[in-house]
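Protein chains in written order, with the numbering used here: chain A, 2 to 291; chain B, 2 to 296.
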């Protein structure tokens with residue numbers, strides 16, 4: 002509908018983990034790459050898996066930093082203001098020194114900029130990398146958080162910025178998002194035009210789908226659903242989607258061969274009938290006229 | 002009194018069977034364990050354990066800035082200092098975008114007219130319930146899109162530990178979140194053992210390696226269960242080799258079969274529908290208890 006948009010940003014999310022986000026993201030991107038350029042962005046920065054499915058070359062590693070305060074004991078007068086203004090317990094006044102706990106820091110700059118003697122300058126801290134893989138028509142950008150970091154949102158935002166800066170010429174952009182319904186999912190999906198939720202027809206899948214839909218409604222996101230491991234519990238999912246006005250975009254069958262291909266880190270497109278499933282999903286997405 | 006042992010079930014990758022294993026352990030342990038559902042942003046244990054939501058309390062994960070228009074002098078300092086782009090200026094007035102506010106309070110400190118106050122923001126609910134096996138469970142529901150799920154996990158665990166102490170039960174079984182972020186770190190903090198549930202896929206091994214480094218950082222001894230081991234025996238061999246090399250105790254191989262699908266469909270634990278699985282998981286829980294006595 003929106004002709005002014007130069008690219009279509011599709012988030013693949015789920016609520017529940019292990020429902021098939023990566024399966025769909027990698028195969029959909031590979032399918033699109035058969036006919037045009039496509040960007041696949043792995044925003045599950047805590048556990049990025051997309052690169053396992055491609056043999057492309059690692060072209061660049063872009064180190065990503067966040068800013069955290071560093072205590073300068075020479076300048077500090079131990080007035081204690083920094084600890085008072087920190088709302089996250091990251092800066093603590095120990096009486097004779099100031100202690101900083103970087104994992105608790107939300108990078109708000111309050112302690113640093115309110116310090117009357119500049120004793121808490123903000124310094125760069127490496128939080129992870131953006132890895133760029135070249136697979137011909139498919140470009141893969143992978144966000145990878147260091148395992149000693151607990152907050153993925155700052156890195157997810159950096160990846161989005163990198164995409165906006167250098168890749169807005171690619172029409173189809175697929176963002177493989179983290180599981181759950183909390184802040185990392187919001188950060189991953191908020192910049193996208195449309196969210197595809199991958200679910201499974203079990204009470205667990207439905208429970209988490211309901212929460213994911215509730216979350217996306219807060220942000221007014223248009224969304225659709227793919228049922229993976231298609232089976233006995235479909236009806237309840239379809240009923241729910243109809244009631245909530247969520248598009249039903251397709252199904253991926255319950256099939257041990259799909260699970261085995263995934264387990265080996267392989268795509269499904271080599272098999273004609275599996276390829277048809279992914280093509281049908283892509284057709285359904287195109288019909289949305291995003 | 003004996004020290005309460007906290008067993009946290011983790012995986013790195015989602016969907017490997019954390020909840021299936023944790024719920025099975027819970028039903029086997031019965032009144033010996035208090036259950037803590039630490040996957041607060043996609044909680045599922047309640048579907049299997051049928052809690053009665055006996056007590057609930059509001060959870061506030063942080064603050065949100067509230068701007069009083071009457072005392073605002075339109076100086077714009079709040080917008081200048083906000084690193085989260087949460088202050089909007091339109092139609093001649095400043096407003097706080099609730100959803101973007103991080104709750105740091107920087108704006109409230111620089112506002113010259115005291116127009117901004119920080120108030121607690123509700124970010125979820127915490128429940129203490131009796132469950133179908135006669136024991137108790139602490140669980141929570143994070144508000145959609147909320148932050149600070151690590152803090153909520155800490156509260157879930159604190160409550161579970163307190164109840165375990167009160168009723169004199171020896172174990173807390175915690176079902177963890179996928180990933181390696183703040184809820185996972187929070188569930189590992191102070192835990193006695195981490196049971197890693199993995200599956201024979203390349204993705205799961207990649208993710209297992211990352212979550213193991215987090216367990217190491219918190220000094221929590223990991224144990225390993227390979228779930229669905231029969232979907233790819235080559236990859237199962239790769240995982241076994243890896244955990245052996247790392248010196249991680251291998252607890253069990255759980256096969257994938259149709260009873261899993263049946264159990265999931267009925268929101269039951271696997272031990273309720275399959276007697277062989279029941280025996281296997283009883284034996285596994287026995288091993289976990291034995292190892293827990295040594296840490």
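Built from N, CA and C at the ideal position, the CB exists for glycine as well.
Residue i, DSSP secondary structure in three states
i	result
residue 176 (chain A)	strand
residue 134 (chain A)	strand
residue 107 (chain B)	helix
residue 90 (chain B)	strand
residue 70 (chain B)	helix
residue 12 (chain A)	strand
residue 268 (chain B)	coil
residue 140 (chain B)	strand
residue 236 (chain B)	helix
residue 156 (chain B)	helix
residue 273 (chain A)	helix
residue 207 (chain B)	helix
residue 57 (chain B)	strand
residue 29 (chain A)	helix
residue 251 (chain A)	strand
residue 281 (chain A)	helix
residue 290 (chain A)	coil
residue 255 (chain B)	strand
Listed by chain order, chain A residues near residue i by CB distance under 7 Å
i	result
residue 48 (chain B)	204, 205, 208
Alpha-carbon spacing of residue i relative to residue j, whole angstroms
i	j	result
residue 237 (chain A)	residue 202 (chain A)	8 Å
residue 99 (chain A)	residue 65 (chain A)	26 Å
residue 24 (chain A)	residue 284 (chain B)	34 Å
residue 5 (chain A)	residue 85 (chain A)	Note that residue 5 (chain A) scores 49 on pLDDT, short of 50, meaning its location in the model is unreliable; the coordinates nonetheless yield the value given after this. Computed Cα separation, rounded: 48 Å.
residue 9 (chain B)	residue 209 (chain A)	21 Å
residue 244 (chain A)	residue 253 (chain A)	22 Å
residue 205 (chain A)	residue 277 (chain A)	28 Å
residue 185 (chain B)	residue 198 (chain B)	14 Å
residue 37 (chain A)	residue 138 (chain A)	6 Å
residue 136 (chain B)	residue 99 (chain B)	39 Å
residue 101 (chain A)	residue 283 (chain A)	49 Å
residue 108 (chain A)	residue 91 (chain A)	10 Å
residue 41 (chain A)	residue 28 (chain A)	10 Å
residue 218 (chain B)	residue 11 (chain A)	35 Å
residue 134 (chain A)	residue 124 (chain A)	29 Å
residue 189 (chain A)	residue 176 (chain A)	8 Å
residue 129 (chain B)	residue 31 (chain B)	16 Å
residue 89 (chain B)	residue 67 (chain B)	13 Å
residue 158 (chain A)	residue 4 (chain B)	42 Å
Interface flag, residue i vs chain A, CB-CB below 8 Å
i	result
residue 143 (chain B)	yes
residue 15 (chain B)	yes
residue 171 (chain B)	no
residue 57 (chain B)	no
residue 81 (chain B)	no
residue 148 (chain B)	yes
CB contact check: residue i to chain B, cutoff 8 Å
i	result
residue 53 (chain A)	yes
residue 219 (chain A)	yes
residue 102 (chain A)	no
residue 20 (chain A)	yes
residue 14 (chain A)	no
residue 216 (chain A)	yes
residue 224 (chain A)	no
residue 322 (chain A)	Shown here, chain A extends from 2 to 291; a query on residue 322 (chain A) therefore has no answer.
Chain-ordered chain B contacts of residue i [CB-CB under 8 Å]
i	result
residue 88 (chain A)	63, 64, 104, 105, 106, 119
Contact list for residue i against chain D, beta-carbon separation under 8 Å
i	result
residue 17 (chain A)	In the structure shown, chain D cannot be found, because the protein chains are A and B.
Proximal residues of chain B, C-beta to C-beta of residue i below 9 Å
i	result
residue 122 (chain A)	Within 9 Å Cβ-Cβ: nothing; residue 122 (chain A) doesn't reach chain B, min ~16 Å.
residue 110 (chain A)	82, 84, 105, 107
Closer than 8 Å at the beta carbon, the chain A residues around residue i
i	result
residue 236 (chain B)	264, 265
residue 232 (chain B)	257, 260, 261, 264
residue 151 (chain B)	151
Contacts that residue i makes with chain A (C-beta to C-beta distance below 9 Å)
i	result
residue 247 (chain B)	The contacting residues do not exist; residue 247 (chain B) stays about 15 Å from chain A at best.
residue 140 (chain B)	Correct list: empty, because the minimum Cβ distance to chain A is about 12 Å.
Listed by chain order, chain B residues near residue i by CB distance under 7 Å
i	result
residue 115 (chain A)	110
residue 233 (chain A)	266
residue 23 (chain A)	204
Members of the segment 260 to 287 of chain B near chain A, C-beta cut-off 7 Å
With the criterion set as a beta carbon lying under 7 Å from some beta carbon of chain A, the members of the segment 260 to 287 of chain B are 265, 266, 268, in sequence order.
At a Cβ cut of 7 Å, what residues of the segment 31 to 61 of chain A count as close to chain B, listed as they run along the chain?
Residues 47, 48, 50, 53.
Could you name the residues of the segment 235 to 247 of chain A whose beta carbon sits closer than 9 Å to any beta carbon of chain B, in the order they occur along the chain?
The segment 235 to 247 of chain A vs chain B, Cβ under 9 Å: nothing.
Along the segment 200 to 219 of chain B, what residues have a CB closer than 7 Å to any CB found in chain A?
If the cut-off is 7 Å between Cβ atoms, the segment 200 to 219 of chain B has 201, 202, 203, 204, 207, 208, 211, 214, 215, 218 near chain A.
Going along the chain, which residues of the segment 172 to 191 of chain B sit with their C-beta nearer than 9 Å to a C-beta in chain A?
Per Cβ criterion, the list reads 178, 179, 180, 181, 182, 183, 184, 185, 186, 187.
Residues of the segment 173 to 199 of chain A in Cβ contact with chain B at a cutoff of 8 Å, in chain order, please.
Flagged, chain order: 179, 180, 181, 182, 183, 184, 185, 186, 187.
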